[in-house]
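Presented below is the structure to which this report refers.
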Amino acid sequence: MDNTLLLNASFEPLKIISWQRAITLLFAGKVEVIEEYSREVHSVTFTIKLPSILRLLKYVKVKKNRMVKFSRANIYARDKYVCQYCGTAYRSEELTFDHVIPVSRGGTKSWENI
0 MDNTLLLNAS
10 FEPLKIISWQ
20 RAITLLFAGK
30 VEVIEEYSRE
40 VHSVTFTIKL
50 PSILRLLKYV
60 KVKKNRMVKF
70 SRANIYARDK
80 YVCQYCGTAY
90 RSEELTFDHV
100 IPVSRGGTKS
110 WENI
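Taken in order, the sequence shown gives residues 0 to 113; the numbers are from numbering that gives the first Met the number 0.
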């Protein structure tokens, strides 16, 4: 559960990366932290909270097929396994998702509507 969602500069999801890669991008000055886990990693000289969502500072043009696949697992990772109604963290098998605009009323199964 310590993976990091990487967003493009336009806040579009790109991919899920390891926390180690996330910290590398952070120290390289290529990203900004949007959200963090409560877990920290320690070195001799500093302590840092693990980033859960990062946004690239420069827009990266991506091919359409390289976007993060829309899936339950990726939705849960985006939301840090936290219920958006009550704010409680759950295991992935306890979670469901709802459409903002129901499909019966023209809503789509997309990142923006879940």
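From the three backbone atoms N, C-alpha and C, an ideal C-beta is built for every residue, glycine too.
query	result
Rounded distance between the beta-carbons of L55 and T3, thought under 8 Å	About 12 Å; that fails the 8 Å criterion.
A27 to S103 span [Cα, whole Å]	46 Å
Separation of P50 from R20, as counted between CA atoms	10 Å
Sequence-distant residues of the same chain with beta carbon closer than 8 Å to N7, five excluded per side	L13, R54, L55, Y58, V59 and V61
Per-residue DSSP class, three states only, for I22	helix
Three-state secondary structure (DSSP) of I100	coil
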